[in-house]
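Participant:
Number of protein chains: 2
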Amino acid sequence: MTIRIGIMGYGNLGRGIECAIAQNSDTTLAAVFTRRNPETVKIQTPNVPVYHADDAIAHKDEIDVLVLCGGSATDLPEQTPYYAKYFNVVDSYDTHATIPEHFEKVDASARQSGKVGIISVGWDPGMFSLNRLYGNAILVDGKDYTFWGKGVSQGHSDAIRRVKGVKDARQYTVPVDVALEAVRNGENPELTTREKHTRVCYVVAEDGADLAQIENDIKTMPNYFADYDTTVHFITEEELKRDHSGIPHGGFVIRSGKTGMNGENSHIIEYSLKLDSNPEFTTAVILAYARAAVRLYNEGAKGAKTVFDIPPAYLSPKSGAELRKELL
Amino acid sequence: MTIRIGIMGYGNLGRGIECAIAQNSDTTLAAVFTRRNPETVKIQTPNVPVYHADDAIAHKDEIDVLVLCGGSATDLPEQTPYYAKYFNVVDSYDTHATIPEHFEKVDASARQSGKVGIISVGWDPGMFSLNRLYGNAILVDGKDYTFWGKGVSQGHSDAIRRVKGVKDARQYTVPVDVALEAVRNGENPELTTREKHTRVCYVVAEDGADLAQIENDIKTMPNYFADYDTTVHFITEEELKRDHSGIPHGGFVIRSGKTGMNGENSHIIEYSLKLDSNPEFTTAVILAYARAAVRLYNEGAKGAKTVFDIPPAYLSPKSGAELRKELL
Numbered sequence: 006m007t008i009r010i011g012i013m014g015y016g017n018l019g020r021g022i023e024c025a026i027a028q029n030s031d032t033t034l035a036a037v038f039t040r041r042n043p044e045t046v047k048i049q050t051p052n053v054p055v056y057h058a059d060d061a062i063a064h065k066d067e068i069d070v071l072v073l074c075g076g077s078a079t080d081l082p083e084q085t086p087y088y089a090k091y092f093n094v095v096d097s098y099d100t101h102a103t104i105p106e107h108f109e110k111v112d113a114s115a116r117q118s119g120k121v122g123i124i125s126v127g128w129d130p131g132m133f134s135l136n137r138l139y140g141n142a143i144l145v146d147g148k149d150y151t152f153w154g155k156g157v158s159q160g161h162s163d164a165i166r167r168v169k170g171v172k173d174a175r176q177y178t179v180p181v182d183v184a185l186e187a188v189r190n191g192e193n194p195e196l197t198t199r200e201k202h203t204r205v206c207y208v209v210a211e212d213g214a215d216l217a218q219i220e221n222d223i224k225t226m227p228n229y230f231a232d233y234d235t236t237v238h239f240i241t242e243e244e245l246k247r248d249h250s251g252i253p254h255g256g257f258v259i260r261s262g263k264t265g266m267n268g269e270n271s272h273i274i275e276y277s278l279k280l281d282s283n284p285e286f287t288t289a290v291i292l293a294y295a296r297a298a299v300r301l302y303n304e305g306a307k308g309a310k311t312v313f314d315i316p317p318a319y320l321s322p323k324s325g326a327e328l329r330k331e332l333l
Numbered sequence: 006m007t008i009r010i011g012i013m014g015y016g017n018l019g020r021g022i023e024c025a026i027a028q029n030s031d032t033t034l035a036a037v038f039t040r041r042n043p044e045t046v047k048i049q050t051p052n053v054p055v056y057h058a059d060d061a062i063a064h065k066d067e068i069d070v071l072v073l074c075g076g077s078a079t080d081l082p083e084q085t086p087y088y089a090k091y092f093n094v095v096d097s098y099d100t101h102a103t104i105p106e107h108f109e110k111v112d113a114s115a116r117q118s119g120k121v122g123i124i125s126v127g128w129d130p131g132m133f134s135l136n137r138l139y140g141n142a143i144l145v146d147g148k149d150y151t152f153w154g155k156g157v158s159q160g161h162s163d164a165i166r167r168v169k170g171v172k173d174a175r176q177y178t179v180p181v182d183v184a185l186e187a188v189r190n191g192e193n194p195e196l197t198t199r200e201k202h203t204r205v206c207y208v209v210a211e212d213g214a215d216l217a218q219i220e221n222d223i224k225t226m227p228n229y230f231a232d233y234d235t236t237v238h239f240i241t242e243e244e245l246k247r248d249h250s251g252i253p254h255g256g257f258v259i260r261s262g263k264t265g266m267n268g269e270n271s272h273i274i275e276y277s278l279k280l281d282s283n284p285e286f287t288t289a290v291i292l293a294y295a296r297a298a299v300r301l302y303n304e305g306a307k308g309a310k311t312v313f314d315i316p317p318a319y320l321s322p323k324s325g326a327e328l329r330k331e332l333l
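Quick mapping for you: the protein sequence lines, in order, are chains A and B.
Using our numbering, the letters of the first sequence correspond one by one to residues 6 to 333.
Using our numbering, the letters of the second sequence correspond one by one to residues 6 to 333.
1. Can you look up B/T50 in the DSSP assignment and give me helix, strand or coil?
2. Distance, Cα to Cα, B/K110 vs B/L301?
3. How would you call B/M6, buried or exposed, if buried means at least 16 neighbouring beta carbons within 10 angstroms?
4. Using the Cα positions of B/G256 and B/Q159, report the straight-line distance between them to the nearest angstrom.
5. Less than 8 Å separating the beta-carbons of B/I48 and B/A295?
6. Who are the neighbours of B/E106 on chain A, taking C-beta pairs under 8 Å?
7. Return the bridge partner residues of A/I207 from the DSSP annotation.
8. Roughly how many whole angstroms lie between the Cα atoms of A/L138 and A/P194?
9. Taking all protein chains shown into account, do 16 or more other C-beta atoms lie within 10 angstroms of the C-beta of B/G22, making it buried, or fewer, making it exposed?
10. Regarding B/L332 and the ligand ATP, is the C-beta to nearest heavy atom distance less than 7 Å?
11. My guess is that A/A164 and A/Y229 are in contact by the Cβ rule of under 8 Å, so how many angstroms apart are they, rounded?
12. So what's B/P284 in DSSP terms, helix, strand or just coil?
13. Determine the chain B residues that contact A/K330 at a beta-carbon separation under 7 Å, and present them in chain order.
14. Looking only at its own chain, which residues have a Cβ that is under 7 Å from the Cβ of A/A102, when we skip the five neighbours before and after it?
15. In whole angstroms, what separates the C-alpha of B/E242 from that of B/S250?
16. With B/L18 and B/S97 assumed to form a contact (beta carbons below 8 Å), what rounded beta-carbon distance in angstroms separates them?
17. Report buried or exposed for B/H272, applying the criterion of at least 16 other Cβ atoms within 10 angstroms of its Cβ.
18. Taking Cβ-Cβ distances below 7 Å as the criterion, which residues of the region 45-79 of chain B are in contact with chain A?
19. For B/H161, which three-state DSSP category applies?
20. Quick one: any contact between the region 161-178 of chain B and the region 113-133 of chain B, if contact means 3 or more CB pairs under 8 Å?
21. Grab me the residues of A/Y87's own chain with a C-beta within less than 8 Å of its C-beta, minus the 5 sequence neighbours each way, in chain order.
22. Buried or exposed for A/M266, please, with buried defined as at least 16 other CB atoms from any protein chain shown within 10 angstroms of its CB.
23. Flag A/L18 as yes if its beta-carbon sits less than 8 Å from any beta-carbon of chain B, otherwise no.
24. Taking only three categories from DSSP, how would you classify B/F38?
25. How big is the Cα-Cα spacing for A/V312 and A/L81?
26. Can you round the beta-carbon distance between B/G140 and B/R260 to whole angstroms, since I take them to be within the 8 Å contact cut?
27. Taking the C-alpha atoms as reference points, what is the distance between B/R247 and B/N283?
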């Protein structure tokens, strides 16, 4: 049986899901929904309809799972509980602090409709969270470390663009090698914000802008940059386009812990990602969980779930027997 | 509710489980079973009975889950299906080729008794298998790599000990850095056995033994050494004891894959372990799955399971709400 997937929102994530569907032969793209005029939205898959978001409910019987590709700030808090009334849904809600609240809302909605809603899927939250959970369950007496990068932070890039005199910008979050090595060596360091990551900014200034002022405005910006060692490079618009148009990201989750009657043995578990395209990797994860959502629904499950609740085998199109033979 | 754990077999794994129980406040050691004379077995936990293995069934109501600490060659193929008739069980069966057969036997037995049996738990099979599964489900168009080491291979150490003139030996499996780097760089190399690992041997020879002959016998040994670049160091018994008495291990599971409509973006997922004590880490994993076995049983599940079937949250003593708040 082919899994019919709907995409709500056609930005970077929507396009990523579309690519992932093309790679997974047990899935098919049923429809794309957009808040724009559907006639202006060109998608990459032939013969798939694009509808206005307002018409989504009318197509609920054509779709096994709806992937919500909106943002966590304003879209998903509304959309996920709403669409869970009509569809199995998967989202990538990534505001860590308010995940419990989001979960409760989606859970209430999906329990009432009898649908499954998997929230906060991607790599952080998502695969990184899973590795924190596995690491904590195995090494009870231990310490967690998460490093992000090297990669583009959209939020920090946007913050720079709001600085007076800045035309465009790209910000890379870079983990500090010496901190990473200390963790890997089992030294269990206490690390400050500044010791864990540096921030590297590529800035296109407007003609005649005060570069020293821009640099100072960036480096002293509270929350975003003030607590970090920040480097600012001024480049041309052409250089930005040529050298910084990708959306790479990645990072490291490390659990460092001890076992033995007297904690005499040390262990390091490290999970790392090196990604050319943050949205395409995120959506590759989402597609695997969309498969799981449909399978759970078909078994009679309902309500909100997270990556913590999903048996790993449910992510794969292969049978249990195939997985045991090939991958165990 | 405290989980009452029984240990079947008191070797390295049995002692490791005992340490893990001491670190996990929701578990308690109920009894140790041995094929030796119980009076000769001294355990590390006060006030816990040691019984003969033959008497295990009589204690089934005192134990929530029995951890089987025997070997995969002859013990577990018999023990796991047998004890699954009476107990929830967890084993670390690690003969990859015959896992499907072992699974079927344990499944038949546990379905009949209404118990849960989780097989092949540890790090390979176990955490490495999980990472192969997650990697395959996410990066559909990709390639798997597993490297082991640096670590002690018990099987290879034993093989050296059977060579004429050898008194004792320790063998380390070492991943080849240049191969590991090529994989990390996304080069997707095709690697021969020789290109992936080297073997380093520390050998204590008997007095007057022919060292050149020993070295030749080791290096040309089929299956174990002939396909590898092998180094042999002759050392004294004191040096072996002083420098090589630990049981470290570890390794790397890497999934290298592509996304995008034309495979234009590359991604690397890497999971690695660096372990001071192979048996203590293995048993730390087993303990988490013992917790899951009891929880599944209490929910009415039955039959054989593997790490692929267990929702990650079941490994943790924390509630779903706590996990979402703290680790997602």
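Built from N, CA and C at the ideal position, the CB exists for glycine as well.
Facilitator: On the basis of the data shown:
1. coil
2. 19 Å
3. exposed
4. 15 Å
5. no
6. None at all; the shortest Cβ gap to chain A is about 10 Å.
7. Strictly speaking, residue 207 of chain A in this sequence is Tyr, with Ile absent from that position. A/Y207 is bridged to A/R175, A/H238.
8. 21 Å
9. Reading off the sequence shown, one finds Ile at residue 22 of chain B, where the question assumed Gly. Looking at its Cβ environment, which holds 16 or more other Cβ atoms inside 10 Å, B/I22 is buried.
10. Among the components modelled here there is no ligand, and therefore nothing to report on the ligand ATP.
11. 5 Å
12. helix
13. P105
14. For A/A102, where only same-chain residues beyond five positions count, there are no Cβ hits under 7 Å.
15. 11 Å
16. That belief holds up - the Cβ atoms of B/L18 and B/S97 are roughly 7 Å apart, short of 8 Å.
17. buried
18. Q49
19. helix
20. no
21. Excluding residues within five positions, the ones whose Cβ falls inside 8 Å are S114.
22. So A/M266 ends up on the exposed side.
23. no
24. strand
25. 17 Å
26. Confirmed, Cβ separation roughly 3 Å.
27. 18 Å
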